[in-house]
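Per the numbering used here: the sequence shown = residues 245 to 614. By construction, the Cβ of each residue, glycine as well, lies at the ideal position given by its N, Cα and C atoms. See structure below.
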Amino acid sequence: MTVRNLFLLPGDGIGPETMGEVRKIIAYMNEAKDAGFVTDEGLVGGSAYDAHGAAISDADMEKAMAADAVLFGAVGGPKWDAVPYEVRPEAGLLRLRKDLKLFANLRPAICYPALASASSLKPELVEGLDILIIRELTGGVYFGEPKEIVDIGNGQKRAIDTQVYDTYEIERIGGVAFEMARTRSNRVCSMEKRNVMKSGVLWNQVITATHKEKYSDVQLEHMLADAGGMQLVRQPKQFDVIVTDNLFGDMLSDVAAMLTGSLGMLPSASLGAPNALTGKRKALYEPVHGSAPDIAGKGIANPIAMIASFAMCLRYSFGMVAEADALEKAIANVLDSGIRTGDIMSAGSRQVGTAEMGDAILAEFKALSA
Ligand code: IPM
Ligand code: MG
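See the structure below:
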């Protein structure tokens, strides 16, 4: 039987609650479908800091490196607001991305028909929305050096972050965007700020050249990132695949998330390059939402983004396409049936907690895969 090694990092806040719902699905797939998932679990973020004084321990990093895929919940919370910058909860996530070389972050923004009215935009603008944001995840201003605050005398300090991109980094993320577009509506919109940033000039040139060389069958458009943000809320359905850098991708994906009704809906996959020998990619799957400390521990968090992240894991790490389709369909069906967590509640629907939402999705998944 195939063994599929999963390393779970539930993290802080609502992370453990939402991960609990994925655990139920894994247990079902092992029992009923012989899926062969073997899980191990570690600490990340504030919970890792409390236990080890680091945002992730070296031992857990090793397990993440060795796993077929990492499932990540969320990190952070007011409890750790004052911890040193180097060991703040987010540092654990950034280390995972950097050390596992997860350069390609796929953030789909899909508006489930049942939720069109939960969006802050008019339903007709978002109904049927299906965008894929491809965010570069291991470069740019997140990791560029120097990154520091220095004393410059006279009571003044200077803060420096460095936005830096090399040709190969832009080429490879562009390649992922064009390949993904071919499996969808075959359109890519690249976003940068070439009017103010040298990194934007190079980004634009390299994406244009990569397109011309290998992907001229795909329709390519360039947009300044600020205009792109505006277009995302003006007419979001004009987009298919958006490719952009680490910082713009962070911001634009939160905007796109809100179009779909709630931040609690959006999954993401962070992928490395395929291994030359095995073809396998290192991968981490995580909801786009954060740890939501205000509602943590109350059993009311929406587990859909976490469950949908597991669906992406089935699809991209294990090639279990039918299972991924079924799980995504189960989510849509449950929403259609009028079951809602508080964040996506609307008049006439039935409000449930985290576990009840998870159970409803699992029951539907069972029915679909019977
Ligand atoms: C995200 C988050 C992270 C980021 C934080 C938690 C470091 O906002 O994944 O979008 O900025 O990348
Ligand atoms: Mg973000």
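What does residue i pair with, by DSSP beta-bridge criteria?
{"i": "His-466", "result": "Ser-434"}
{"i": "Leu-350", "result": "Ile-378, Ala-513"}
{"i": "Gln-595", "result": "Arg-584"}
{"i": "Pro-531", "result": "Pro-511"}
{"i": "Asp-284", "result": "Phe-251"}
Just confirm the distance between the C-beta atoms of residue i and residue j, as a whole number of angstroms; I'd bet it's less than 8 Å.
{"i": "Ser-460", "j": "Tyr-409", "result": "So it is not a contact: roughly 23 Å between Cβ atoms."}
{"i": "Ser-535", "j": "Ile-300", "result": "Rounded, the Cβ-Cβ distance is 15 Å, inconsistent with contact."}
{"i": "Ile-605", "j": "Val-565", "result": "Actually they do not touch by this definition, with Cβ atoms about 18 Å apart."}
{"i": "Ala-313", "j": "Ala-527", "result": "5 Å"}
{"i": "Ala-362", "j": "Ser-590", "result": "6 Å"}
{"i": "Val-499", "j": "Met-424", "result": "Contact flag wrong, Cβ pair sits at about 20 Å."}
{"i": "Leu-571", "j": "Lys-481", "result": "In fact, because the Cβ distance is near 25 Å, the residues do not count as touching under 8 Å."}
{"i": "Ala-549", "j": "Gly-508", "result": "6 Å"}
{"i": "Ala-545", "j": "Glu-371", "result": "About 26 Å; that fails the 8 Å criterion."}
{"i": "Thr-598", "j": "Gly-543", "result": "5 Å"}
{"i": "Ser-514", "j": "Leu-346", "result": "4 Å"}
What three-state label does DSSP hand residue i in the structure shown?
{"i": "Gly-255", "result": "strand"}
{"i": "Thr-452", "result": "helix"}
{"i": "Thr-488", "result": "strand"}
{"i": "Glu-371", "result": "coil"}
{"i": "Gln-475", "result": "helix"}
{"i": "Leu-344", "result": "coil"}
{"i": "Asn-439", "result": "coil"}
{"i": "Asn-274", "result": "helix"}
{"i": "Asp-494", "result": "helix"}
{"i": "Thr-246", "result": "coil"}
{"i": "Leu-521", "result": "coil"}
{"i": "Gly-444", "result": "helix"}
{"i": "Gly-289", "result": "coil"}
* To do: Take every Cβ of the stretch 247 to 256, pair it with every Cβ of the stretch 273 to 285, and state whether three or more of those distances are shorter than 8 Å.
  => Taking a cut-off of 8 Å for Cβ pairs, the stretch 247 to 256 and the stretch 273 to 285 touch, as three or more such pairs fall below it.
* Tell me, please, whether the stretch 480 to 500 touches the stretch 428 to 438 by the rule of three or more beta-carbon pairs shorter than 8 Å. => Proximity of the stretch 480 to 500 to the stretch 428 to 438 meets the contact definition, three or more beta-carbon pairs being nearer than 8 Å.
* Asked: Is it a yes or a no for the stretch 323 to 342 touching the stretch 362 to 378, going by three-plus beta-carbon pairs under 8 Å?
  -> Not touching, per the Cβ criterion.
* With a floor of 3 residues, list each beta strand (DSSP E) that falls wholly inside the stretch 294 to 342, ordered by position along the chain. => Positions of the beta strand (DSSP E) runs, each at least 3 residues long and wholly inside the stretch 294 to 342, are given as 313 to 318 in order along the chain.
* **Touching by the beta-carbon criterion (3+ pairs, under 8 Å), the stretch 491 to 502 and the stretch 368 to 386** => Contact between the stretch 491 to 502 and the stretch 368 to 386 is present, because at least three Cβ pairs lie under 8 Å.
* Counting Cβ pairs, one atom from each stretch, are 3 or more of them under 8 Å apart for the stretch 339 to 349 and the stretch 323 to 330? -> Under the 8 Å Cβ criterion, the stretch 339 to 349 does not count as touching the stretch 323 to 330, having fewer than three qualifying pairs.
* **Sequence ranges, alpha helix (DSSP H) only - wholly within the stretch 558 to 589, length at least 4** => Complete alpha helix (DSSP H) runs here, min 4: 565 to 580.
* Asked: For the 8 Å Cβ check, are there 3 or more pairs between the stretch 252 to 264 and the stretch 287 to 303?
  -> Two segments are said to touch when three or more pairs of C-beta atoms, one from each, lie closer than 8 Å; by this definition the stretch 252 to 264 touches the stretch 287 to 303.
* Just list the beta strand (DSSP E) runs in the stretch 376 to 428, keeping only unbroken ones of 3 residues or longer that don't cross its boundaries, in chain order. => Secondary structure in the stretch 376 to 428: the beta strand (DSSP E) runs of 3 residues or longer, each lying completely within the stretch, are 388 to 397, 400 to 406 in chain order.
* So, do the stretch 456 to 476 and the stretch 303 to 312 have three or more beta carbon pairs nearer to each other than 8 Å? -> Contact between the stretch 456 to 476 and the stretch 303 to 312 is absent, because fewer than three Cβ pairs lie under 8 Å.
* So does the stretch 408 to 422 actually touch the stretch 448 to 458, counting three or more Cβ pairs closer than 8 Å? -> As far as the Cβ criterion goes, the stretch 408 to 422 touches the stretch 448 to 458, which means the pair count is three or higher.
* To do: Count the CB pairs spanning the stretch 388 to 407 and the stretch 517 to 527 that are closer than 8 Å, and state whether there are at least three.
  => The answer is no - the stretch 517 to 527 does not touch the stretch 388 to 407, with fewer than three Cβ pairs under 8 Å.
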